[in-house]
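Enquirer: Shown below is the structure under consideration.
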Amino acid sequence: MTKSPKKTPTARAAAIATGGLPPKNARRGQQAMQRGKSKTHFHFNEDAMALLKGPAPGSSQKSVEYTDEGCPGLKAEVGRSGQGTYLFRYTAPNGRKRGMRIGTVGAMTLAEARQIALAARASLDRNVDPQDERDRLKEMPTLDEWVRREYLPWAQMNKRSWQDDKSRYENHLARRWGGMRLCDISSRDVERLKADTFKGRSAATANRLLTLVSAIFREAINHDVVKINPVAKVKLFKEKSDGQRYMTADEVGRLMAALDADENPVAADALKLLLLTACRREEILQLEWSAVDLVQGVAKIERTKNGHVHWVQLSDAAIELLKRQPSKGKSIYVFPGRDGVDKPINNVRKTLERAQKAAGITEHVHVHTLRHTAASLAVQNGVSLYVVQSMLAHKTARMVQRYAHLNDTTVRSGTQALADAVTRAMKVTAHTPAAGT
1 MTKSPKKTPT ARAAAIATGG LPPKNARRGQ QAMQRGKSKT HFHFNEDAMA
51 LLKGPAPGSS QKSVEYTDEG CPGLKAEVGR SGQGTYLFRY TAPNGRKRGM
101 RIGTVGAMTL AEARQIALAA RASLDRNVDP QDERDRLKEM PTLDEWVRRE
151 YLPWAQMNKR SWQDDKSRYE NHLARRWGGM RLCDISSRDV ERLKADTFKG
201 RSAATANRLL TLVSAIFREA INHDVVKINP VAKVKLFKEK SDGQRYMTAD
251 EVGRLMAALD ADENPVAADA LKLLLLTACR REEILQLEWS AVDLVQGVAK
301 IERTKNGHVH WVQLSDAAIE LLKRQPSKGK SIYVFPGRDG VDKPINNVRK
351 TLERAQKAAG ITEHVHVHTL RHTAASLAVQ NGVSLYVVQS MLAHKTARMV
401 QRYAHLNDTT VRSGTQALAD AVTRAMKVTA HTPAAGT
């Protein structure tokens, strides 16, 4: 005897439409309905769902509602057409009686309908209306929508490094999570991002990326879009301290020679200007021609880290470097990017790495190392800490105290010169007869 094939939810949907079920399945469905409180209150099973009937012909009823004794709040409403719909009926936190449509009987399994009903019940236990929750999820933006519509405009107004955020998002996050809803990005996703980023990059790079993700979600929390920051429980990598990495004069000479020969002259000149001015990375990479006065020998930095306008005094070498830039008259930026003159250069790290390798410098050099090096060379060549503070645009002298020990040799040479002068004076005095003798 050939057994009837087991019917899938799609096949069951067809059975509902035709009114046909294999005898064995029909018996199971009828037994479930008979064991319930009534014909409309019983413990649902898949077979019983195929036997549900709508209003009798000629009845004034629009539909018949069935209650699942196996899942509180789950209903099945069958209309005159015979098509059933799963519903979840409940009392909202505000006391209002409500019903939430779950799906079509037959198009989804009973187990799926119960799972949704149980999730809705869990929302009620948290004093949250499940329909409000559903509406909120429907309106939930994807990461890409949120970042481009809300986060980046906010960052542009509030963060000096907003272009770093934009670059990190486009290079590392957009393709990975851009299409995901904010609420669907979990701590586990962040842990995977952390591990994957660390495979080919430094701990600092991975940490900066996690910091960006955290900032994006912090803004979303501030706007009541999400309630949880998935980065909150993820530990950052422990970063190796660069200490106070300063390049020696010999290393500087070799690096400058390597930059002269580099394949990317725009990025190479940007790095040279960083060393010649002791400016921060973004202050040079985003420098506009309108802020440069080659006659007076100054450059105006509008948005420094401390929020003040900083006038950079340009040396002869810096002026010559700026004069030879081909972007003059073609771009608003001194150092435009390769993808167009209307955008500044975005990344000089690869150029620096090439030059470091070509120069034979084994200890790693970061872009920010150039700023430390410029300050240290200035101090070692007799420039006072007060002047270095002005060069670095620091508000207080506290930040330049890290370079104080480099001034020891200069100060020592000064005290030695003083001692020599005193000694010479003493010798002259010793050989000069006192007055009246």
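Following full-length UniProt numbering, the numbering of the sequence shown begins with 1 at its first residue and continues without gaps. Ideal placement from N, C-alpha and C gives every residue a C-beta, glycine not left out. All of these numbers come straight from a predicted model, not from anything done at the bench.
#1: Counting pairs of Cβ atoms below 8 Å between the region 87-96 and the region 66-77, do you hit three or more?
#2: Would you call the region 101-111 and the region 41-53 touching, i.e. three or more CB-CB distances under 8 Å?
#3: Quick one: Cα of Leu236 to Cα of Arg176, how far?
#4: Which runs of the beta strand (DSSP E) fall wholly inside the region 317-359 and span at least 3 residues, in chain order?
#5: Excluding the five sequence neighbours on either side, which residues of its own chain have a C-beta within less than 6 Å of the C-beta of Val190, listed in chain order?
#6: Taking the alpha helix (DSSP H) that Thr40 falls in, what are its first and last residues?
#7: Just the C-alpha distance for Ala155 and Pro265, rounded to the nearest angstrom, thanks.
#8: Over what stretch of residues does the alpha helix (DSSP H) that includes Arg89 continue unbroken?
#9: Among residues of its own chain, excluding the 5 on either side of Met180, which ones have a beta-carbon nearer than 7 Å to its beta-carbon?
#10: Below 8 Å, can you find three or more Cβ-Cβ pairs linking the region 378-385 to the region 317-337?
#11: When you compare only the Cα positions, how much space is there between Val348 and Glu150?
#12: Please list the segments of the beta strand (DSSP E) lying wholly inside the region 260-312, counting only runs of 3 or more residues, in order along the chain.
#13: Answer with yes or no whether the minimum CB distance from Ser60 to chain B is below 7 Å.
#14: What first and last residue would you give for the beta strand (DSSP E) that runs through Arg101?
#15: Do Ile284 and Ala267 count as a contact pair if the criterion is CB distance below 7 Å?
#16: Are Ala375 and Ala278 closer than 7 Å when you measure CB to CB?
#17: May I have the straight-line CA-CA distance separating Thr423 from Gln380, to the nearest angstrom?
#18: Which of the three DSSP states, helix, strand or coil, is assigned to Asp165?
#19: Assuming Lys138 is part of the alpha helix (DSSP H), what are its boundary residues?
#20: Between Ala249 and Leu377, how many whole angstroms is the CB-CB distance? I'm expecting something under 8 Å.
#21: Leu255 and Ala359: beta carbons closer than 7 Å?
#22: Considering just the uninterrupted stretch of the alpha helix (DSSP H) at Glu65, what are its terminal residues?
#23: Spell out the partners DSSP gives Leu74 in its beta bridges.
#24: Can you tell me the Cα-Cα spacing of Met296 and Ala393, whole angstroms?
#25: From this set, Gln83, Arg280, Glu239 and Ile102, which residue's C-alpha is nearest Arg134's C-alpha?
#26: Identify the residues that DSSP records as bridge partners of Arg181: which are they?
#27: Taking Leu294 as the reference, which of Glu302, Leu182, Val309 and Asp316 has the closest Cα?
#28: Figure out for me which residue from Trp311, Ala32 and Gly329 has the closest Cα to the Cα of Ser390.
#29: With DSSP as the reference, label Met108 as helix, strand or coil.
#30: Starting from Tyr386, follow the alpha helix (DSSP H) in both directions and report where the run begins and ends.
#31: Could you check the C-alpha separation between Ala32 and Ser38 for me, to the nearest Å?
#32: For Gly58, which of helix, strand or coil comes out of DSSP?
#33: Give a yes or no on whether the C-beta atoms belonging to Cys71 and Arg114 are separated by under 7 Å.
#34: Could you give the C-beta distance for Leu152 and Lys166, rounded to a whole number, given that I count them as a contact under 8 Å?
#35: Tell me which residue opens and which closes the alpha helix (DSSP H) that Ser214 is part of.
#36: Helix, strand or coil for Gly382? Go by DSSP, reduced to three states.
Expert: Answer, in terms of the structure:
#1: A contact exists between the region 87-96 and the region 66-77.
#2: They touch, by the three-pair rule.
#3: Looking up residue 236 in the sequence shown gives position 236. Looking up residue 176 in the sequence shown gives position 176. When the Cα atoms are used, Leu236 and Arg176 turn out to be separated by approximately 20 Å.
#4: Taking only runs of at least 3 residues, the beta strand (DSSP E) segments lying wholly in the region 317-359 are 340-344.
#5: Within the sequence shown, the letter at position 190 stands for residue 190. Pro230, Val231 and Val234.
#6: As a working note, residue 40 is residue 40 in the sequence shown. In the DSSP assignment, Thr40 falls outside any alpha helix (DSSP H), carrying neither H nor E.
#7: Looking up residue 155 in the sequence shown gives position 155. Looking up residue 265 in the sequence shown gives position 265. Cα-Cα distance, rounded: 30 Å.
#8: On the sequence shown, residue 89 is found 89 positions in, with the first residue counted as 1. Boundaries around Arg89 are those of the beta strand (DSSP E), Gly84 to Thr91, since no alpha helix (DSSP H) includes it.
#9: Taking the first residue of the sequence shown as position 1, residue 180 is located at position 180. Same-chain partners within the cutoff: Thr142 and Leu143.
#10: Using a Cβ-Cβ distance cut-off of 8 Å, the region 378-385 and the region 317-337 are not in contact, since fewer than three pairs of beta carbons, one from each stretch, lie closer than that value.
#11: One-based indexing of the sequence shown puts residue 348 at position 348. One-based indexing of the sequence shown puts residue 150 at position 150. For Val348 and Glu150, the distance between alpha carbons rounds to 28 Å.
#12: Entirely contained in the region 260-312, the beta strand (DSSP E) runs reaching 3 residues are, in chain order, 298-301.
#13: The structure shown contains no chain B, having only a single protein chain.
#14: Mapped onto the sequence shown, residue 101 falls at position 101. From DSSP, the beta strand (DSSP E) with Arg101 extends over Lys97 to Thr104.
#15: Indexing the sequence shown from 1 puts residue 267 at position 267. Indexing the sequence shown from 1 puts residue 284 at position 284. Not in contact: Ala267 and Ile284 (Cβ atoms no closer than 7 Å).
#16: Counting from one through the sequence shown, the residue named residue 375 turns up at place 375. Counting from one through the sequence shown, the residue named residue 278 turns up at place 278. Remark: C-beta atoms of Ala375 and Ala278 approach each other more closely than 7 Å.
#17: Position 423 of the sequence shown, counted from the first residue, corresponds to residue 423. Position 380 of the sequence shown, counted from the first residue, corresponds to residue 380. Their backbone Cα atoms lie some 26 Å apart in a straight line.
#18: Position 165 of the sequence shown holds residue 165. Annotated three-state conformation of Asp165 is helix, per DSSP.
#19: As a position in the sequence shown, residue 138 is number 138, starting the count at 1. Where Lys138 is concerned, the enclosing alpha helix (DSSP H) stretches over Pro130 to Glu139.
#20: As a first step, residue 249 is located in the sequence shown; it is residue number 249 there, counting from the start. As a first step, residue 377 is located in the sequence shown; it is residue number 377 there, counting from the start. A Cβ-Cβ distance of about 7 Å is found for the pair Ala249 and Leu377, placing them in contact under the 8 Å criterion.
#21: Here residue 255 is taken as the residue at index 255 of the sequence shown, counted from 1. Here residue 359 is taken as the residue at index 359 of the sequence shown, counted from 1. Yes; because the gap between Cβ atoms is below 7 Å, this pair is in contact.
#22: Taking the sequence shown and counting its residues from 1, the one referred to as residue 65 is at position 65. Taken as a continuous stretch (DSSP letters only), Glu65 belongs to no alpha helix (DSSP H), being part of the beta strand (DSSP E) at Ser63 to Asp68.
#23: In the sequence shown, the residue the question calls residue 74 occupies position 74. In the DSSP output, where bridge partners are listed per residue, Leu74 has Phe88.
#24: Within the sequence shown, residue 296 is the residue found at index 296, counting from 1. Within the sequence shown, residue 393 is the residue found at index 393, counting from 1. The question names Met, but residue 296 in the sequence shown is Gln. Here the C-alpha atom of Gln296 lies approximately 19 Å from the C-alpha atom of Ala393.
#25: As a first step, residue 134 is located in the sequence shown; it is residue number 134 there, counting from the start. Comparing C-alpha distances from Arg134 to each of Gln83, Arg280, Glu239 and Ile102 shows the shortest one belongs to Ile102.
#26: Against the sequence shown, residue 181 aligns to sequence position 181. Its beta-bridge partners are Thr142.
#27: For the purposes of this step, residue 294 is taken as residue 294 along the sequence shown, with counting starting at 1. Among Glu302, Leu182, Val309 and Asp316, the Cα nearest to that of Leu294 belongs to Asp316.
#28: Sequence index remark: in the sequence shown, residue 390 carries index 390 (1-based). Closest by alpha carbon: Trp311.
#29: Stepping through the sequence shown from its first residue, residue 108 is reached at position 108. Strand.
#30: In the sequence shown, residue 386 corresponds to position 386, counting from 1. Residue range Leu385 to Leu392 is occupied by the alpha helix (DSSP H) that includes Tyr386.
#31: Within the sequence shown, the letter at position 32 stands for residue 32. Within the sequence shown, the letter at position 38 stands for residue 38. One C-alpha to the other measures close to 10 Å.
#32: For the purposes of this step, residue 58 is taken as residue 58 along the sequence shown, with counting starting at 1. In the three-state DSSP reduction, Gly58 falls in the coil class, being neither helix nor strand.
#33: What you label residue 71 is simply residue 71 of the sequence shown in a count that begins at 1. What you label residue 114 is simply residue 114 of the sequence shown in a count that begins at 1. Against a cut-off of 7 Å, the Cβ pair of Arg114 and Cys71 comes out as a contact.
#34: Along the sequence shown, read from residue 1 onward, the residue named residue 152 stands at position 152. Along the sequence shown, read from residue 1 onward, the residue named residue 166 stands at position 166. Their Cβ separation, rounded to whole angstroms, is 6 Å, which keeps Leu152 and Lys166 in contact under 8 Å.
#35: For the purposes of this step, residue 214 is taken as the residue at position 214 of the sequence shown. It spans Ala203 to Asn222 - the alpha helix (DSSP H) in which Ser214 sits, taken as one unbroken run.
#36: Here residue 382 refers to the residue found at position 382 when the sequence shown is read from its first residue. Annotated three-state conformation of Gly382 is coil, per DSSP.
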